[in-house]
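Enquirer: Residues 130 to 643, numbered by my numbering, are exactly what the sequence shown covers, in order.
Got a structure for you, written out below as structure tokens; questions coming shortly.
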Amino acid sequence: MSGLGKGVITASIAKLLQLSNQNISCIKIDPYLNYDAGTMNPIAHGEVFVTKDGGECDMDVGNYERFLNKDILKSHNITTAQIYSHVIESERQGKYLGACVQIIPHITDEIKNRIKLISYKEKLDITVVECGGTVGDIESLPFLEALRQMKVEFGNSEVLFIHVTLVPSLKVVNEQKTKPTQHSVQELRRIGIQPDMIICRCEQPLLEKTKKKIALFTNVNVNDVISCHDVKSIFTIPKMLSNQGLTQLIFQKFNKPKINYNKRWNKWNSIVNSLQEYNKSIKIAMIGKYVSLLDSYVSVTHALKHSGAYLKRSTYIELLDSEDVNTNKLSKFDGILVPGGFGTRGSEGIIKTAQYAYKKNIPYLGICFGFQLAIVAFGRQNCKLNNANSTEINSTENPVIDLLPDQDKNNLGGTLRLGADQINIKKNTIAYSIYNKKIITKRHRHRYEFNADYLEIYEKNGLIFSGESDNNRRIEIIEEPSKKFFMGVQFHPEFDSRPGFPENIINAFVSSTI
Ligand code: GLN
Numbered sequence: 130m131s132g133l134g135k136g137v138i139t140a141s142i143a144k145l146l147q148l149s150n151q152n153i154s155c156i157k158i159d160p161y162l163n164y165d166a167g168t169m170n171p172i173a174h175g176e177v178f179v180t181k182d183g184g185e186c187d188m189d190v191g192n193y194e195r196f197l198n199k200d201i202l203k204s205h206n207i208t209t210a211q212i213y214s215h216v217i218e219s220e221r222q223g224k225y226l227g228a229c230v231q232i233i234p235h236i237t238d239e240i241k242n243r244i245k246l247i248s249y250k251e252k253l254d255i256t257v258v259e260c261g262g263t264v265g266d267i268e269s270l271p272f273l274e275a276l277r278q279m280k281v282e283f284g285n286s287e288v289l290f291i292h293v294t295l296v297p298s299l300k301v302v303n304e305q306k307t308k309p310t311q312h313s314v315q316e317l318r319r320i321g322i323q324p325d326m327i328i329c330r331c332e333q334p335l336l337e338k339t340k341k342k343i344a345l346f347t348n349v350n351v352n353d354v355i356s357c358h359d360v361k362s363i364f365t366i367p368k369m370l371s372n373q374g375l376t377q378l379i380f381q382k383f384n385k386p387k388i389n390y391n392k393r394w395n396k397w398n399s400i401v402n403s404l405q406e407y408n409k410s411i412k413i414a415m416i417g418k419y420v421s422l423l424d425s426y427v428s429v430t431h432a433l434k435h436s437g438a439y440l441k442r443s444t445y446i447e448l449l450d451s452e453d454v455n456t457n458k459l460s461k462f463d464g465i466l467v468p469g470g471f472g473t474r475g476s477e478g479i480i481k482t483a484q485y486a487y488k489k490n491i492p493y494l495g496i497c498f499g500f501q502l503a504i505v506a507f508g509r510q511n512c513k514l515n516n517a518n519s520t521e522i523n524s525t526e527n528p529v530i531d532l533l534p535d536q537d538k539n540n541l542g543g544t545l546r547l548g549a550d551q552i553n554i555k556k557n558t559i560a561y562s563i564y565n566k567k568i569i570t571k572r573h574r575h576r577y578e579f580n581a582d583y584l585e586i587y588e589k590n591g592l593i594f595s596g597e598s599d600n601n602r603r604i605e606i607i608e609e610p611s612k613k614f615f616m617g618v619q620f621h622p623e624f625d626s627r628p629g630f631p632e633n634i635i636n637a638f639v640s641s642t643i
């Protein structure tokens, strides 16, 4: 079921294998009918993670990048819509030479081809494929069928099935219940898949007797039933799985020799240890409209924590509703971060927040929407630009943020400015001292940008435009040097932050809160 932590378990398994010197990558299969995650509400599905090559992907791809410290391409997020559009297009082009086009073999072949292509192209030793959804869902059937076929095609020593299930504990009887696992394995077997291993999500470590019961009912060796119980930090999960012999078991099943790479583990362990709780802490307010699900801003949250760990501080993040901003509440925070966002709702609250941070000299970092609305706030407050606003919010006499040229408001799928682009940083600016480089490459996801007609008036009033892209066509970074920290970036730095390797501007922001 969703929310079980399949993404983190997939990333953790991949990490174990990477630590054993395997060239690894992950693939996420999303059986839904959206072409990609771009048009999905973050409240329902979590953040949209943007890959370097401009994919709007499921947030699990972010977990893969953070665990593996490796960039992942958009081809690694496969959806039903992508498979079907490709097959239908091929049919229209006559590529099936008159054959009757069917789910088996045409759809399943396309699924297999995509997985194989990634494995071959990237010369992967092991490819970890996560199939989203729940066994028994109609939508995931073609994917599970394709995976079943792969095991037949390649054999047991090449394809391994790991089934992730929920083992709930009923407090009243104080017992770990195995029934959901028994039933989902039955469902899997009905479609021809016998899991090789089962990873059980549970609150407390899986008891020996629970393991034995699951093994008995599911035809899985008792050692192949693994406990994945609740932990404080998701980054400790690779170790938890490895302590139960998971690496060894996978190597045995793949007929690969056992390898010990202690050096790699030492490095990873020290990163994981750095993400512990510290005596000193930092309190950050994050203002947005997707407050009911923390996962809506998961990369930003992680990025702040990576920086906190680097500075040996615990990071407490409070998500505040932009529709209901109370500036009294804001004063108790060490820093304010406004992440990406869309639409009118809550925008005035964000503008008010940026004005308050500015006035009270509380460190402020605006990312994308947070950058755009900081510009609006500055315009109204310092440049006497009445009703300054973004045309995304309303049509105004001072459209300081306006639609990017060549944007079509009526086509919302995959049409934003997406992916990594080069940004030029001006020398002798705060941005330059943060990145220590003239050119950086950062990921984007936006449809609106700063309207350069207003450049002069802003500069006159003390705002510095310290980064641009596309030959000065787009403003990427703003800074206000008279403040403790008042900066905004049009790009998304959070997607580049990894445990042990915090992103520069987020690190500079967090440092300024101390
Ligand atoms: N809504 C804004 C735009 O489209 C900002 C997007 C974002 O924050 N990702 O430009």
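Ideal Cβ positions, reconstructed from N, Cα and C, are used throughout, including at glycine.
Note that the coordinates shown come from a computational prediction; the quantities given were computed from them, not determined experimentally.
Here's the rule I'm using: 16 or more other beta-carbon atoms within 10 Å means buried, otherwise exposed. How should Met279 be labelled?
Expert: One-based indexing of the sequence shown puts residue 279 at position 150. Buried, since its Cβ has 16 or more Cβ neighbours within 10 Å.
Enquirer: In the DSSP assignment, find the unbroken alpha helix (DSSP H) run with Ser235 in it and report its ends.
Expert: Locating residue 235 in the sequence shown gives position 106, counting from the first residue. Going by the sequence as given, residue 235 is His instead of Ser. Note, His235: premise wrong, no alpha helix (DSSP H); not H, not E.
Enquirer: Identify every residue that forms a DSSP beta bridge with Glu447.
Expert: The residue you call residue 447 lines up with position 318 of the sequence shown. Paired residues: Ala414.
Enquirer: With Asn198 and Phe630 assumed to form a contact (beta carbons below 8 Å), what rounded beta-carbon distance in angstroms separates them?
Expert: Taking the sequence shown and counting its residues from 1, the one referred to as residue 198 is at position 69. Taking the sequence shown and counting its residues from 1, the one referred to as residue 630 is at position 501. With a Cβ gap of about 7 Å, Asn198 and Phe630 count as contacting.
Enquirer: What is the DSSP secondary structure of Gln551, reduced to helix, strand or coil?
Expert: Your numbering for residue 551 matches position 422 in the sequence shown. Reduced to three states, the DSSP call for Gln551 is strand.
Enquirer: What number of angstroms, rounded off, separates the C-alpha of Cys155 from the C-alpha of Asn590?
Expert: In the sequence shown, counting from the first residue as 1, residue 155 sits at position 26. In the sequence shown, counting from the first residue as 1, residue 590 sits at position 461. Those two C-alpha atoms are separated by around 48 Å.
Enquirer: Near Gln551, which residues of its chain fall below 7 Å by C-beta distance, leaving aside the five closest residues on each side in sequence?
Expert: Position 422 of the sequence shown, counted from the start, is the residue given in the question as residue 551. These residues qualify, in order along the chain: Ile568, Thr570 and Ser598.
Enquirer: Hey, out of Leu202, Arg195 and Ile593, whose CA is closest to Cys186's CA?
Expert: Here residue 186 refers to the residue found at position 57 of the sequence shown. Selected option, being the one with the closest Cα: Leu202.
Enquirer: Label Cys229 either buried or exposed according to how many other C-beta atoms from any shown protein chain fall within 10 Å of its C-beta, with 16 as the threshold for buried.
Expert: As a first step, residue 229 must be located in the sequence shown, where it is residue number 100. Under this definition Cys229 is an exposed residue.
Enquirer: Consult DSSP for Gly464 and reduce its assignment to one of helix, strand or coil.
Expert: The residue given as residue 464 occupies position 335 in the sequence shown. Note: Gly464 maps to strand in three-state DSSP.
Enquirer: Who pairs with Asp159 in a beta bridge, going by DSSP?
Expert: Position 30 of the sequence shown, counting from 1, holds the residue named residue 159. DSSP lists Thr208 as partners of Asp159.
Enquirer: Check each candidate in Phe498, Glu477, Tyr213 and Glu623 and name the one with the smallest Cα separation from Val429.
Expert: Within the sequence shown, numbered from 1, the residue matching residue 429 stands at position 300. Selected option, being the one with the closest Cα: Glu623.
Enquirer: Which two residues bound the contiguous beta strand (DSSP E) that contains Tyr577?
Expert: Counting from 1 along the sequence shown, the entry for residue 577 is found at position 448. Looking at the DSSP string, the run of the beta strand (DSSP E) that includes Tyr577 is Tyr577 to Phe579.
Enquirer: Is the separation between the beta-carbon of Val264 and that of Glu316 shorter than 9 Å?
Expert: Taking the first residue of the sequence shown as position 1, residue 264 is located at position 135. Taking the first residue of the sequence shown as position 1, residue 316 is located at position 187. Yes.
Enquirer: Less than 8 Å between the CB of Gly496 and some heavy atom of the ligand GLN, yes or no?
Expert: Here residue 496 corresponds to residue number 367 of the sequence shown, with the count starting at 1. Contrary to the premise, residue 496 reads as Ile rather than Gly in this sequence. Answer for Ile496: yes, Cβ within range of the ligand GLN.
Enquirer: Can you tell me whether DSSP reads Met188 as helix, strand or coil?
Expert: As a first step, residue 188 must be located in the sequence shown, where it is residue number 59. The answer is helix: DSSP assigns Met188 an H, G or I state.
Enquirer: So what's Met169 in DSSP terms, helix, strand or just coil?
Expert: For the purposes of this step, residue 169 is taken as the residue at position 40 of the sequence shown. The answer is coil: DSSP assigns Met169 none of H, G, I, E or B.
Enquirer: Taking the straight line between their C-alpha atoms, what separation do you get for His215 and His573?
Expert: The residue you call residue 215 lines up with position 86 of the sequence shown. The residue you call residue 573 lines up with position 444 of the sequence shown. Cα to Cα, His215 sits roughly 26 Å from His573.
Enquirer: Among Asp531, Ser524, Gly167 and Gly508, whose alpha-carbon lies nearest the alpha-carbon of Glu588?
Expert: On the sequence shown, position 459 is the one that residue 588 refers to. Of Asp531, Ser524, Gly167 and Gly508, the residue nearest in Cα terms is Gly508.
Enquirer: I'd like to know whether the C-beta atoms of Ala486 and Val505 end up nearer to each other than 9 Å.
Expert: In the sequence shown, the residue the question calls residue 486 occupies position 357. In the sequence shown, the residue the question calls residue 505 occupies position 376. Their beta carbons are not under 9 Å apart, which means Ala486 does not touch Val505 by this criterion.
Enquirer: Under the criterion of a Cβ to heavy atom distance below 8 Å, does Pro160 qualify as lining the ligand GLN?
Expert: On the sequence shown, residue 160 is found 31 positions in, with the first residue counted as 1. Pro160 Cβ: outside cutoff for every heavy atom of the ligand GLN.
Enquirer: Buried or exposed for Gln151, going by 16 or more other Cβ atoms inside 10 Å?
Expert: If you number the sequence shown from 1, residue 151 lands on position 22. So Gln151 ends up on the buried side.
Enquirer: I'd like to know whether the C-beta of Ile240 is nearer than 9 Å to at least one C-beta of chain B.
Expert: In the displayed structure, chain B is absent; only one protein chain is listed.
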